[in-house]
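Novice: In our numbering, the protein residues as written are 6 to 295.
Virtual Cβ for every residue (Gly too), placed ideally from N, Cα, C.
Keep in mind it's a predicted model, so treat the numbers as computed, not measured.
Just dropping this structure here.
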C-alpha cells in the first residue's frame with residue numbers, strides 16, 4: 006500500500022499525486038516508469054515519475070483523466086488514501102550523455118515524461134530546448150521547465166465548443182508540425198526527443214528525417230504487466246519485435262514501424278469507451294464507484 010501524501014489538480018484533467026514509495030524513489034532514473042494498480046480488480050497503468058526525493062522516499066505521478074481508471078482515481082482517492090500496488094522502476098533510463106543542443110517535444114500530457122529527462126540532460130551540460138504543444142487549459146509544469154532548461158516554449162491554443170479528442174489531436178498535430186519545423190530551422194538541434202501520441206510523433210519524425218537529425222521517441226503502446234511477460238507492448242523496431250516495457254520505452258525513431266504502432270494503439274478504444282460509460286452510469290445511478 007502506497008500512501009498519497011498530496012493530491013493537486015495542476016491543469017484541466019491533469020492530476021498530480023505525491024506518493025510515498027521509498028523503494029522506487031531510491032532507484033528511479035529519468036526515462037523509467039512504474040506500473041500502478043490503484044484498486045482491487047483494477048487495471049494496471051504505466052505512469053512516469055516526474056519528480057522524486059530519494060531521502061524522503063516520495064515520487065510524483067501525473068495522470069490525465071481520460072478513461073475509467075484515471076477518472077475513478079480522481080473521484081475516489083484523496084490525500085491520506087492509499088494506492089494498492091506500484092511496481093518499478095521499470096524500463097530503461099534515457100541515455101545520459103552530451104548531445105549538444107537538444108529539442109525535446111511533449112505533446113499534451115507527454116510533457117510530464119519529458120521533464121525529468123530534459124532536466125537531467127541540461128544538468129549534464131546540454132543546451133535543452135523544450136516544446137509543449139497543448140490546449141491552453143491543459144498546459145502544465147511551465148515554471149518548472151523554465152527553471153530547469155535553456156528555453157521552454159509553449160504552443161498553446163484555445164478549445165472550441167464541441168471539440169473532442171479527435172479534433173484536439175488534429176490541432177496538436179498541425180501546430181506541432183509547424184513549430185518543430187520552425188525550431189529546427191532556427192535552433193539547428195543536434196538531437197530530437199519526443200513523447201506523445203503515436204500519430205503526432207510520426208508526424209514529427211517525418212519532419213526531422215528531412216534534416217537527418219538523430220531522433221529518439223518514447224513509445225506508448227498498449228501495456229499490461231510492464232515486465233515483458235504479456236507481450237502486449239510489442240513494437241517492430243529495425244525489423245525486429247521489441248517490447249517497449251523492457252527494451253524501451255525510448256527507441257530510435259528511424260527504426261520504428263510507425264504505421265503498425267498507430268494501428269495497434271487503437272485496438273481496445275471501443276472497450277475503453279464502454280468501460281468509462283458503464284462507470285459513469287453507475288456513478289449517476291448509485292452515487293458511488295462500481
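1. Would you give the residue range spanned by the alpha helix (DSSP H) that residue 268 belongs to?
2. If we count the other Cβ atoms within 10 Å of its Cβ and call it buried at 16 or more, is residue 223 buried or exposed?
3. Between the C-alpha atoms of residue 125 and residue 286, what's the straight-line distance to the nearest angstrom?
4. Compute the Euclidean distance between the alpha carbons of residue 179 and residue 6, then round it to the nearest angstrom.
5. Taking 8 Å as the threshold (C-beta atoms), are residue 134 and residue 9 in contact?
6. Looking at C-alpha atoms only, which residue of 24, 78, 51 is the closest neighbour of residue 58?
7. Going by Cα to Cα distance, which pick from 54, 123, 92 is closest to residue 153?
8. Tell me whether residue 130 is buried or exposed, calling it buried when 16 or more other Cβ atoms sit within 10 Å of its Cβ.
9. Looking at the unbroken alpha helix (DSSP H) that takes in residue 147, where does it start and where does it end?
10. What first and last residue would you give for the beta strand (DSSP E) that runs through residue 67?
11. Helix, strand or coil: which one does DSSP assign to residue 121?
12. Would you check if the distance between the CB atom of residue 141 and the CB atom of residue 111 is smaller than 8 Å?
13. Identify the continuous beta strand (DSSP E) that holds residue 223 and give its terminal residues.
14. Measuring alpha carbon to alpha carbon, tell me which of 270, 243, 121 ends up nearest residue 257.
15. My output table needs one value for residue 294: the three-state DSSP class, helix, strand or coil.
16. According to DSSP, which residues form a beta bridge with residue 42?
17. Run through DSSP, which three-state label would residue 126 get?
18. Quick check: the segment 194 to 213 against the segment 103 to 118, are there 3 or more CB pairs under 8 Å?
19. At the level of alpha carbons, what is the spacing between residue 294 and residue 211?
20. So residue 214 is in the alpha helix (DSSP H); what residue range does that whole segment cover?
21. Out of curiosity, what's the CA-to-CA distance linking residue 117 and residue 201?
22. Please state whether DSSP places residue 178 in a helix, a strand or coil.
23. Is the CB-CB distance between residue 67 and residue 15 below 8 Å?
24. For residue 127, does the count of other Cβ atoms within 10 angstroms reach 16, so buried, or fall short, so exposed?
25. Can you name the residues that DSSP bridges to residue 109?
26. Could you tell me the distance, in whole angstroms, from the CA atom of residue 20 to the CA atom of residue 198?
27. Just to confirm, are residue 26 and residue 91 a CB contact at a threshold of 8 Å?
28. DSSP three-state call for residue 77: helix, strand or coil?
29. Can you tell me the Cβ-Cβ gap for residue 64 and residue 54, rounded? I've got them flagged as a contact below 8 Å.
Specialist: Taking the geometry as given:
1. 263 to 270
2. buried
3. 44 Å
4. 43 Å
5. no
6. 24
7. 123
8. exposed
9. 147 to 153
10. 63 to 69
11. helix
12. no
13. 220 to 223
14. 243
15. Confidence at residue 294 is low in this model, with a pLDDT of 47, below 50, so the placement of that residue should be treated as unreliable; the coordinate-derived value is given next. Residue state, collapsed to three classes: coil.
16. 90
17. helix
18. yes
19. Note that residue 294 has pLDDT 47, beneath the 50 cutoff, so the model's placement of it is unreliable and the number below is only indicative. Each residue's alpha carbon lies about 43 Å from the other.
20. 203 to 216
21. 10 Å
22. helix
23. yes
24. buried
25. 135, 198
26. 24 Å
27. yes
28. helix
29. 4 Å
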